[in-house]
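Visitor:
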Amino acid sequence: MRGRVVHDAPLGAQTWFRVGGPADTLVRPADADDLLLLLRALPAATPLTVLGAASNMIIRDGGIAGVTIRLARGFGTIEVEADGILAGAAALDATVAETAARHGLGGLEFLVGIPGTIGGAVAMNAGAYGTEIKDVLDWAEVATPAGLLRLTAADLRFAYRRAELPARGVVTRARLRATPGEPGAIAERLAAIRGAREATQPVRARTGGSTFKNPPGGRKAWELIDAAGCRGLSRGAAQVSAKHCNFLINTGGATAAEIEALGEEVRARVRAATGVELEWEIRRVGRPA
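Counting from 1, one number per residue, gives the positions in the sequence shown under UniProt numbering.
(1) Using C-beta distances below 8 Å, list every residue in its chain close to residue 211, excluding the 5 sequence neighbours before and after it, in chain order.
(2) Are residue 104 and residue 176 closer than 8 Å when you measure CB to CB?
(3) Below 8 Å between beta carbons: does that hold for residue 143 and residue 133?
(4) Taking just the CA atoms, how far does residue 26 sit from residue 5?
(5) Using the Cα positions of residue 290 and residue 98, report the straight-line distance between them to the nearest angstrom.
(6) Is it buried or exposed for residue 251, if we count other Cβ within 10 angstroms and need 16 for buried?
(7) Entirely within the segment 102 to 127 and at least 4 residues each: give me those alpha helix (DSSP H) ranges in chain order.
(8) Distance, Cα to Cα, residue 240 vs residue 272?
(9) Can you check DSSP and say which residues form a bridge with residue 180?
(10) Quick one: grab the DSSP three-state call for residue 350.
(11) Thinking C-beta only, is residue 118 closer than 8 Å to residue 96?
(12) Where residue 162 and residue 227 are concerned, what is the direct C-alpha to C-alpha distance, given to the nearest angstrom?
(13) Report back the beta-carbon spacing between residue 17 and residue 235 to the nearest angstrom; my notes put them in contact at under 8 Å.
(14) Would you kindly work out how many angstroms separate the C-alpha atoms of residue 32 and residue 126, rounded to a whole number?
(15) Using only the alpha-carbon positions, how far apart do residue 77 and residue 229 sit?
(16) Express the C-alpha separation of residue 286 and residue 24 in angstroms, rounding to a whole number.
(17) Relative to the alpha-carbon of residue 166, which residue among 179, 140 and 183 has its alpha-carbon at the smallest distance?
(18) Would residue 115 and residue 196 be called neighbours here (beta carbons separated by less than 8 Å)?
(19) Let me know the beta strand (DSSP E) ranges lying completely inside the segment 6 to 79, each 3 residues or longer, listed in chain order.
(20) Taking the alpha carbon of residue 56 as the reference point, which residue from 209, 243 and 244 has its own alpha carbon closest?
(21) For residue 74, which residues in the same chain have their Cβ closer than 6 Å to its Cβ, ignoring the five residues on either side in sequence?
(22) Following the continuous beta strand (DSSP E) through residue 165, name the residue where it begins and the one where it ends.
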């Protein structure tokens with residue numbers, strides 16, 4: 001491989017929660033060909049984990065077994081087209097939204113409210129402020145052990161916070177539709193979303209974004225958490241945000257185990273108070289300490 005391979009690689013400082021153990025083997029492929037080489041050669045029994053910005057994730061304190069892939073420089077390109085954006089999987093969602101706005105392309109403003117990368121957004125059908133990736137995706141290229149596939153939104157069978165990727169598939173880039181418009185108006189919408197997020201979410205805290213999916217029926221996870229008396233609830237240095245109670249935060253020195261246990265306590269309290277079983281939106285990967 002031409003990319004970088006590191007064994008026993010620390011990960012905690014790279015996550016938004018700032019917690020978690022090391023990867024047994026961390027691989028940063030140089031480009032799509034390098035990634036395909038790895039996927040073809042990797043034994044099927046070897047555990048495989050893919051990291052994006054590690055913004056919506058808890059890496060457990062015992063670290064991640066097998067091979068962990070993190071796409072970096074060779075996957076961060078953003079190309080502007082007449083009616084859309086072609087973005088590498090490592091491109092930040094907010095950067096894609098800002099690039100589109102500068103070139104007078106609308107419809108992608110919602111991405112500025114999603115703290116992650118395009119690859120992660122495709123893999124989980126990320127959404128914010130009424131729009132999801134499925135609404136703007138033309139196609140995504142996905143590296144698999146069998147080769148590089150170009151898949152449409154229909155192929156990915158998007159659902160709420162979910163996409164059906166091929167086995168051991170890794171998103172490498174995506175083509176997002178956009179609508180030409182007046183740059184000033186697009187910039188205003190971008191600023192409005194950014195302002196709303198700043199006002200209502202603990203964006204400057206060590207957090208992982210929305211912790212639980214909204215349950216069916218139009219109910220909001222944060223409302224159920226608040227009704228169950230969990231706002232400000234803490235375990236060790238992990239805390240339910242008082243600003244937005246569907247966010248868990250590391251107030252300083254929390255472990256992954258404390259954050260995950262706090263989330264499970266919230267789920268238990270909501271279940272007891274409302275009968276609703278909250279489903280994790282944050283990915284939890286790796287081994288306990």
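Where a beta carbon is used, it is the ideal one built from N, C-alpha and C, also for glycine. Note that the coordinates shown come from a computational prediction; the quantities given were computed from them, not determined experimentally.
Guide: According to the structure shown:
(1) Your numbering for residue 211 matches position 211 in the sequence shown. Correct list, in chain order: 221, 246, 247, 248, 263, 266, 280, 281 and 282.
(2) Translated into positions along the sequence shown, residue 104 becomes position 104. Translated into positions along the sequence shown, residue 176 becomes position 176. Taking 8 Å as the Cβ cut-off, residue 104 and residue 176 do not qualify as a contacting pair.
(3) Counted from its first residue, the sequence shown places residue 143 at position 143. Counted from its first residue, the sequence shown places residue 133 at position 133. No, Cβ-Cβ distance for residue 143 and residue 133 is not below 8 Å.
(4) Here the question's residue 5 lines up with position 5 in the sequence shown. Here the question's residue 26 lines up with position 26 in the sequence shown. Those two C-alpha atoms are separated by around 6 Å.
(5) Given that the chain is displayed from residue 1 to residue 289, the structure contains no residue 290 and the question cannot be resolved.
(6) Looking up residue 251 in the sequence shown gives position 251. Exposed.
(7) 118 to 124
(8) Residue numbering aside, residue 240 sits at position 240 when the sequence shown is read from its first letter. Residue numbering aside, residue 272 sits at position 272 when the sequence shown is read from its first letter. Those two C-alpha atoms are separated by around 18 Å.
(9) On the sequence shown, position 180 is the one that residue 180 refers to. 105.
(10) Residue 350 lies beyond the stretch modelled for the chain, which goes from 1 to 289, so this question has no answer here.
(11) Residue 96 sits at position 96 when you count from the first residue of the sequence shown. Residue 118 sits at position 118 when you count from the first residue of the sequence shown. In this structure, residue 118 lies closer than 8 Å to residue 96 by Cβ.
(12) Taking the sequence shown and counting its residues from 1, one reaches residue 162 at position 162. Taking the sequence shown and counting its residues from 1, one reaches residue 227 at position 227. Using only the alpha carbons, I get a separation of about 27 Å.
(13) Walking along the sequence shown from the start, residue 17 turns up at place 17. Walking along the sequence shown from the start, residue 235 turns up at place 235. 14 Å between Cβ atoms; not a contact.
(14) What you label residue 32 is simply residue 32 of the sequence shown in a count that begins at 1. What you label residue 126 is simply residue 126 of the sequence shown in a count that begins at 1. Cα to Cα, residue 32 sits roughly 23 Å from residue 126.
(15) Position 77 of the sequence shown holds residue 77. Position 229 of the sequence shown holds residue 229. Approximately 44 Å between the Cα atoms of the pair.
(16) Residue 24 sits at position 24 when you count from the first residue of the sequence shown. Residue 286 sits at position 286 when you count from the first residue of the sequence shown. Answer to the nearest angstrom: the Cα atoms are 10 Å apart.
(17) The residue you call residue 166 lines up with position 166 of the sequence shown. Among 179, 140 and 183, the Cα nearest to that of residue 166 belongs to 140.
(18) The residue given as residue 115 occupies position 115 in the sequence shown. The residue given as residue 196 occupies position 196 in the sequence shown. Taking 8 Å as the Cβ cut-off, residue 115 and residue 196 do not qualify as a contacting pair.
(19) 23 to 28, 48 to 51, 57 to 59 and 64 to 70
(20) Mapped onto the sequence shown, residue 56 falls at position 56. Here the closest residue by C-alpha is 209.
(21) If you number the sequence shown from 1, residue 74 lands on position 74. For residue 74, where only same-chain residues beyond five positions count, the Cβ hits under 6 Å are 30 and 31.
(22) Start at 1 with the first residue of the sequence shown, and residue 165 comes out as number 165. Run containing residue 165: none; DSSP gives neither H nor E here.
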